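Shown next, in structure tokens, is the structure this report addresses.
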Amino acid sequence: MLLDFDKLGALRGVLIGITVAVCLFLILPIVFIAALSFGSSQWLIFPPPSWTFRWYHDLFADPRWFYAALTSLKIAAIVTVLSVVIGFLTALGLNRGRFPGRDALRALFLTPMILPVVVLAVALYALFLKLGLAGTTFAFVVAHLLIALPFSIISIGNALEGFDKSIEDAAILCGASPWEARLRVTVPAISHGIFAAAVFSFLASWDEVVLAIFMASPTLQTLPVKIWTTLRQDLTPVIAAASTLLIAFTILLMILAALVRKGPKT
Amino acid sequence: MSEPFLNIRGIRKTFGSFTAVRDVTMDIAQGEFMTFLGPSGSGKSTTLYILAGFQDPSGGDIFLDGRSLLATPSHRRNIGMVFQRYTLFPHLTVGENVAFPLRIRRRPQAEIAERVRAALKLVRLEGFEDRKPANMSGGQQQRVALARALVYNPPVLLMDEPLSALDKKLREEIQFEIRRIHQETGVTILYVTHDQEEALRLSDRIAVFSQGEIDQIGTGPELYAAPATRFVAEFIGDSNFIETSIVSTDGRQARLVLPGGAMIDGVPLHGAASPGGRAALLLRPERIDLQRGEGEGALAGEVYDVTFLGNNVHVLVGMNDVAPVSVRIPFGHAALAGLTPGERVSLRFNAADTHAFLEPPAA
Ligand SMILES: Nc1ncnc2c1ncn2[C@@H]1O[C@H](COP(=O)(O)OP(=O)(O)O)[C@@H](O)[C@H]1O
Ligand SMILES: [Mg+2]
Numbered sequence: 002m003l004l005d006f007d008k009l010g011a012l013r014g015v016l017i018g019i020t021v022a023v024c025l026f027l028i029l030p031i032v033f034i035a036a037l038s039f040g041s042s043q044w045l046i047f048p049p050p051s052w053t054f055r056w057y058h059d060l061f062a063d064p065r066w067f068y069a070a071l072t073s074l075k076i077a078a079i080v081t082v083l084s085v086v087i088g089f090l091t092a093l094g095l096n097r098g099r100f101p102g103r104d105a106l107r108a109l110f111l112t113p114m115i116l117p118v119v120v121l122a123v124a125l126y127a128l129f130l131k132l133g134l135a136g137t138t139f140a141f142v143v144a145h146l147l148i149a150l151p152f153s154i155i156s157i158g159n160a161l162e163g164f165d166k167s168i169e170d171a172a173i174l175c176g177a178s179p180w181e182a183r184l185r186v187t188v189p190a191i192s193h194g195i196f197a198a199a200v201f202s203f204l205a206s207w208d209e210v211v212l213a214i215f216m217a218s219p220t221l222q223t224l225p226v227k228i229w230t231t232l233r234q235d236l237t238p239v240i241a242a243a244s245t246l247l248i249a250f251t252i253l254l255m256i257l258a259a260l261v262r263k264g265p266k267t
Numbered sequence: 017m018s019e020p021f022l023n024i025r026g027i028r029k030t031f032g033s034f035t036a037v038r039d040v041t042m043d044i045a046q047g048e049f050m051t052f053l054g055p056s057g058s059g060k061s062t063t064l065y066i067l068a069g070f071q072d073p074s075g076g077d078i079f080l081d082g083r084s085l086l087a088t089p090s091h092r093r094n095i096g097m098v099f100q101r102y103t104l105f106p107h108l109t110v111g112e113n114v115a116f117p118l119r120i121r122r123r124p125q126a127e128i129a130e131r132v133r134a135a136l137k138l139v140r141l142e143g144f145e146d147r148k149p150a151n152m153s154g155g156q157q158q159r160v161a162l163a164r165a166l167v168y169n170p171p172v173l174l175m176d177e178p179l180s181a182l183d184k185k186l187r188e189e190i191q192f193e194i195r196r197i198h199q200e201t202g203v204t205i206l207y208v209t210h211d212q213e214e215a216l217r218l219s220d221r222i223a224v225f226s227q228g229e230i231d232q233i234g235t236g237p238e239l240y241a242a243p244a245t246r247f248v249a250e251f252i253g254d255s256n257f258i259e260t261s262i263v264s265t266d267g268r269q270a271r272l273v274l275p276g277g278a279m280i281d282g283v284p285l286h287g288a289a290s291p292g293g294r295a296a297l298l299l300r301p302e303r304i305d306l307q308r309g310e311g312e313g314a315l316a317g318e319v320y321d322v323t324f325l326g327n328n329v330h331v332l333v334g335m336n337d338v339a340p341v342s343v344r345i346p347f348g349h350a351a352l353a354g355l356t357p358g359e360r361v362s363l364r365f366n367a368a369d370t371h372a373f374l375e376p377p378a379a
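Heads up: the protein sequence lines correspond to chains A and B, in order.
Sequential numbering from 2 applies to the first sequence in my numbering.
Sequential numbering from 17 applies to the second sequence in my numbering.
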């Protein structure tokens, strides 16, 4: 290897220092928020004078937070299912199809990833307003599906890339119809890619805030929107508690995804 | 071959302007082991895939038991296939893999268990039911694939270079197994390979493919003794080719002039030739009689090299204006004692053992 870690000498210390700094930079805000959510200070003073569960109590006592979380879950769940199904079909078409403009089409499907989300949000808002669909669950799901789909197409596409189509052909000669072969053989064989697609799609919707602010209505608010609107009214540690739960759930899903992705290799 | 069983009629396949398979026609008897032999890219797999239904032919038809197969989709053709690559379903155990075709056919549980056991016994993998494919060697995986392809008793089994990823010793071991399984089950097998030894070892008949066409169909000995084209002669067995010119011909046999001036009469001729044309004379290395010194042989030359190859010895003889000719002599033959490079030798052969193939006129 060109850069052998063991032979770097004094540089090693510098490298370790930089790595630790980057990790702290990434983790500290989360630790900070989590600490504040348990702090007794009304004004989010750090370090907290003493510790309390009061803000969590307040959080669970207010049904509006509960409904926001429920709305988030519902939308993320619908987006996940649709994203995985449509992502699988799209990836299959891009992987197996032999047609002109295939690469251009693949690039087109991935544009939501590079398009500024605000631009997408304004455009969608204008469209749904015109169609009379603004503030509906449908509009919400469509908006989040747009940003979730590229994740599905990429992870399922990669899994299909590594899957030998001869295996599907073998299933067909065994008597399975083409769709039976795909569902009973191809899908289980690329399940790690499908699972990754599901987790990324869920998270793309679960902690998304920009599109959500545009798609939300007073009666339809996801958790990030609720945090945002509450934040604008007053700065209460309840927000820190809600944020901490949001982050905890996200981290849990990431760990789960990492565990599953490790699975098929062993 | 009184009954029609599998009839391939004028199958053609084009990809754009490129013709991958042209006019492939053959009749295969029930229980026959037919091998498609040819170099890579000669259209063997494409023909097999058309039989499997993964490709539609651009022309021609295929009949199984007198009925055209083409309108039937792959999954209803009830054909078995073992692929070149490992195609076991990775998420299923060996037992579940073999059971898969029966599950699809909704056979009763007891019957499935019984037939899976029998199929695994056939390929000598009893007791491997609960293994995952990832924990098996390549040879074992191909045997499971064979069990999976045979468990539903298909009338025809297709095999596309199933052993090409295995090393030589293992390949020979499984070739032997395939022969036994063919004899035990009586299934009709269409086998693709580019390895002549494998083809000769396994097949009842061999179809030699060259550039999308069948050059010749016959048993191994037929192809060896009476090759229809220079290509077949080169592909089956070892061969020397010597440039000659045609003195006279009666259409089936010819009188030729060898380099060096000697004449040879009664050589079986392939292709319509006229006197004055050029022909390549096939000499099998093991059909040449080597004599030491300047004898009365048709060709004279000098020993370039002597190589010991176990049961026989390979002697390379160089001549003026001709590519060196290789001669194979059984070990211990009198002609070999003390034979060293540089020695003059003469070569004799029977005209009946040779073949002449027409060469295109020199450009
Ligand atoms: N889907 C395809 N598109 C274009 N050309 C193909 C396709 N499949 C095969 N060919 C071409 O057809 C020829 C025959 O291929 P194949 O039947 O696989 O040969 P073999 O099995 O004898 O090695 C090759 O030149 C190959 O490149
Ligand atoms: Mg091939």
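Glycine residues also receive a C-beta, built at the ideal position from the N, C-alpha and C atoms.
As the structure is a prediction and not an experimental result, all values here were calculated from the model.
At least one CB of chain A lies nearer than 7 angstroms to the CB of B/Pro117. For A/Ser167, the chain B residues whose C-beta falls within less than 7 angstroms of its own C-beta are Phe99, Arg101, Thr103, listed in chain order. The C-beta separation of B/Gly287 from B/Val319 comes to about 34 angstroms, leaving the pair out of contact by the 8 angstroms criterion.
Minimum Cα-Cα distance from A/Leu161 among the listed residues A/Pro151, A/Pro238, A/His193 corresponds to A/His193.
Neighbours of B/Gly96 in chain A, taken as residues at a C-beta separation under 9 angstroms, are given in chain order as Leu174, Cys175. Between B/Thr204 and B/Val172, the C-beta gap is smaller than 7 angstroms, which places the two residues in contact. Membership of B/Gly358 in any beta strand (DSSP E) is not indicated, and neither H nor E is assigned to it by DSSP. A/Pro50 is positioned such that its CB atom lies closer than 7 angstroms to that of A/Ser41. The closest CA to that of B/Arg140, considering only B/Ala126, B/Met175, B/Glu193, is found on B/Glu193. For B/Ser74, there are no C-beta contacts with chain A under 9 angstroms, since the nearest C-beta of that chain is about 17 angstroms from it.
The beta carbon of B/Pro106 sits closer than 7 angstroms to some beta carbon of chain A.
A residue is called buried once 16 or more other Cβ atoms fall within 10 Å of its Cβ, and A/Ala127, having fewer, is exposed. Counting the other Cβ atoms within 10 Å of the Cβ of A/Asp170 gives 16 or more, which makes it buried.
The closest heavy atom of ligand 1 lies 6 angstroms or more from the beta carbon of B/Thr88.
Look at A/Ser178 here: in three-state DSSP terms it is coil, with no helix or strand label.
Per DSSP, reduced to three states, the secondary structure at A/Met255 is helical. The criterion of a C-beta distance shorter than 7 angstroms is satisfied by B/Ala45 and B/Phe21. With a threshold of 6 angstroms, the Cβ atom of B/Ser61 counts as near ligand 2, since some heavy atom of the ligand is closer than that. Selection B/Pro73, B/Gln125, B/Gln157, B/Lys137 evaluated against B/Leu104 yields B/Gln157 as nearest (Cα-Cα).
For the set A/Leu93, A/Thr138, A/Ile214, A/Val118, the Cα lying nearest the Cα of A/Ile154 is the one of A/Leu93. As for any beta strand (DSSP E) of minimum length 3 sitting wholly inside the segment 238-297 of chain B, the runs are 256-265, 269-273, 279-286, ordered along the chain. Classified as exposed, A/Trp180 has fewer than 16 neighbouring CB atoms from the shown chains inside 10 Å of its CB. Membership of A/Thr231 in the alpha helix (DSSP H) is indicated by the continuous run 224-234.
Going by DSSP, B/Glu112 is part of the alpha helix (DSSP H) stretching over 110-120. With the criterion set as a beta carbon lying under 7 angstroms from some beta carbon of chain A, the members of the segment 52-71 of chain B are Ala68, Phe70, in sequence order.
B/Ala135 is positioned such that its CB atom lies closer than 7 angstroms to that of B/Ala163. Here A/Ala77 is near A/Ser206, since their CB atoms are less than 7 angstroms apart. Residue pairing by DSSP places B/Ile78 opposite B/Ile24 in a beta bridge. Minimum Cα-Cα distance from A/Arg97 among the listed residues A/Gly18, A/Leu236, A/Ala197, A/Phe164 corresponds to A/Phe164. Note: B/Met42 is bridge-paired with B/Ile24 in the DSSP secondary-structure output.
For A/Pro101, the nearest beta carbon of chain B is not closer than 7 angstroms to its own beta carbon. The C-alpha of B/Gly111 is placed about 7 angstroms away from the C-alpha of B/Phe144. For B/Ile222, DSSP records a beta bridge to B/Thr51, B/Gly234.
At a cut-off of 7 angstroms, the C-beta of B/His330 has no neighbouring C-beta in chain A.
For A/Ser153, the closest Cβ of chain B is not nearer than 7 angstroms. The continuous alpha helix (DSSP H) containing A/Pro151 extends over residues 138-162.
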